[in-house]
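K.L.:
Below is the structure I would like to discuss, written out as structure tokens.
There are 2 protein chains.
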Amino acid sequence: KQQAVCGATVTIDEARISLLGVPDVPGTSLHIFSLIAGRKITVDMIVQNVGADGRSDISFTVPKSELSAALEAVESAAKEKELGGHELTFDDNVSKVSVVGLGMAHQTGIADRTFHALSDAEINIQMITTSEIKISVLVDRADAEQALRVLHNAFELEKTPADSANL
Amino acid sequence: KQQAVCGATVTIDEARISLLGVPDVPGTSLHIFSLIAGRKITVDMIVQNVGADGRSDISFTVPKSELSAALEAVESAAKEKELGGHELTFDDNVSKVSVVGLGMAHQTGIADRTFHALSDAEINIQMITTSEIKISVLVDRADAEQALRVLHNAFELEKTPADSANL
Ligand SMILES: C[C@@H](O)[C@H](N)C(=O)O
Ligand SMILES: C[C@@H](O)[C@H](N)C(=O)O
């Protein structure tokens, strides 16, 4: 089962923006991301968890160099009544660390081993997003190098050449 | 730019479980997912957004047929003091709809077009998770077929044969 994970990657210079308490109705995501697309800002992770009381939080990450442009784009949304009353937070001190693998979809233990490695290293996970072939977590930038190293060890990846670039 | 998205898929019978207000400290994710892995339950999406006041919400989806086993696994966590005080919610009436594309990473407009199609169809997005090649959303099962159809149209996918299977 070892070969389910074929690489681990890190994107060091990320920034996160969160819009907290936006209306959980059709059209809200469009409103936010059309402002971002209009400014040609590259979005990396987009995360929304299930909402409550008709409100939800949406976070996304951008290259750190695009944080101020992205903030300008969504701050204008804050003033428009559609998103009224939401709070905007951001953090420019984060990195994305991912494990990638083609056989992951049917291996329940991959997430467990990923979280085990990060927990043993006392690295706090700020955000999680997954697909069938990838688990990505957002961590404090100060933890990024160590997170990559412990994931390498957990999945015995030192044998693979292809895993230090930003995917 | 059309060819950035090469397919849209739907996983009809999903169920979502959320642990709300878990301690946002290293080890919490491990605690939850080691219980799941121990029962050999297949996890599909895992979503955690940034927390507040030292607490965070973690959601994950499983095949609807595995919901009761997954609930049993995490309910036992609820009784352990590590996760004390969190709330468990679930919904067995959800589906995952995704757009898949190899050129997506650098196309800011893909998320915008995805949300545009769903918004025009008045389909509410319950959860969002992304990777460089995929945007997945959780919707009410009643919206699943229409969501797949409007995404097909938005990206002119009817020309592609490969997109109705569950990825
Ligand atoms: C919160 C946001 O995702 C909203 N539910 C929408 O569909 O746009
Ligand atoms: C909430 C959970 O992800 C926690 N931050 C952890 O690292 O396990």
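Protein chains in written order, with this note's numbering: chain A, 3 to 169; chain B, 3 to 169.
Quick reminder that beta carbons are idealized off the backbone N, C-alpha and C, glycines included.
Heavy atom of ligand 2 less than 6 angstroms from the Cβ of Thr131 of chain B, yes or no?
P.N.:
As a working note, residue 131 of chain B is residue 129 in the second sequence. Result no, Cβ not under 6 angstroms from ligand 2.
K.L.:
Taking 7 angstroms as the CB-CB cut-off, is His154 of chain B touching chain A?
P.N.:
Position 152 of the second sequence, counting from 1, holds the residue named residue 154 of chain B. Chain A, which has no Cβ nearer than 7 angstroms to the Cβ of His154 of chain B, makes this no.
K.L.:
Can you pull the DSSP bridge partners for Ser36 of chain A?
P.N.:
For this step, residue 36 of chain A is matched to residue 34 along the first sequence. In the DSSP output, where bridge partners are listed per residue, Ser36 of chain A has none listed.
K.L.:
Say the cut is 6 angstroms; is the CB of Pro25 of chain B nearer than that to a heavy atom of ligand 1?
P.N.:
Within the second sequence, the letter at position 23 stands for residue 25 of chain B. No; taking the cut-off as 6 angstroms, the Cβ of Pro25 of chain B has no heavy atom of ligand 1 nearer than that.
K.L.:
At the level of alpha carbons, what is the spacing between Leu140 of chain A and Ile48 of chain B?
P.N.:
Your numbering for residue 140 of chain A matches position 138 in the first sequence. Your numbering for residue 48 of chain B matches position 46 in the second sequence. Straight-line Cα distance between these residues: approximately 13 angstroms.
K.L.:
Do you know offhand how far Arg143 of chain A's Cα is from Ile19 of chain A's?
P.N.:
Within the first sequence, numbered from 1, the residue matching residue 143 of chain A stands at position 141. Within the first sequence, numbered from 1, the residue matching residue 19 of chain A stands at position 17. Roughly 15 angstroms separates the two Cα atoms.
K.L.:
Specify the secondary structure class of Asp26 of chain B as computed by DSSP and reduced to three states.
P.N.:
Taking the second sequence and counting its residues from 1, one reaches residue 26 of chain B at position 24. It is coil, neither helix nor strand.
K.L.:
Taking the alpha-carbon positions, what's the Asn51 of chain B to Ile34 of chain B distance?
P.N.:
In the second sequence, the residue the question calls residue 51 of chain B occupies position 49. In the second sequence, the residue the question calls residue 34 of chain B occupies position 32. A direct Cα-Cα distance of roughly 16 angstroms separates Asn51 of chain B from Ile34 of chain B.
K.L.:
What would DSSP say about Glu16 of chain B, mapped onto helix, strand or coil?
P.N.:
For the purposes of this step, residue 16 of chain B is identified with residue 14 of the second sequence, where counting begins at 1. If DSSP states are grouped into helix, strand and coil, Glu16 of chain B belongs with the strands.
K.L.:
Tell me whether Asn2 of chain B, by its Cβ, gets closer than 6 angstroms to a heavy atom of ligand 1.
P.N.:
Past the boundaries of the shown model lies residue 2 of chain B; chain B is included only from 3 to 169, so the question cannot be answered.
K.L.:
Quick one: what does DSSP say Arg151 of chain A is sitting in, helix, strand or coil?
P.N.:
Along the first sequence, one-based indexing puts residue 151 of chain A at 149. Arg151 of chain A falls in the helix class under three-state DSSP.
K.L.:
Quick one: using the 10 Å Cβ neighbour count with 16 as the cut-off for buried, is Arg41 of chain B buried or exposed?
P.N.:
Locating residue 41 of chain B in the second sequence gives position 39, where the first residue counts as 1. Arg41 of chain B is exposed by the Cβ-count criterion.
K.L.:
Between His88 of chain B and chain A, is the shortest Cβ-Cβ distance under 7 angstroms, so that the two count as touching?
P.N.:
Here residue 88 of chain B is taken as the residue at index 86 of the second sequence, counted from 1. Chain A, which has no Cβ nearer than 7 angstroms to the Cβ of His88 of chain B, makes this no.
K.L.:
Return helix, strand or coil for Lys42 of chain A, following the three-state DSSP convention.
P.N.:
The residue labelled residue 42 of chain A in the question sits at position 40 within the first sequence. Correct three-state label for Lys42 of chain A: coil.
K.L.:
May I ask which residues mark the beginning and end of the beta strand (DSSP E) holding Phe92 of chain B?
P.N.:
For this step, residue 92 of chain B is matched to residue 90 along the second sequence. Following the DSSP letters along the chain, one finds Phe92 of chain B inside the beta strand (DSSP E) bounded by residues 89-102.
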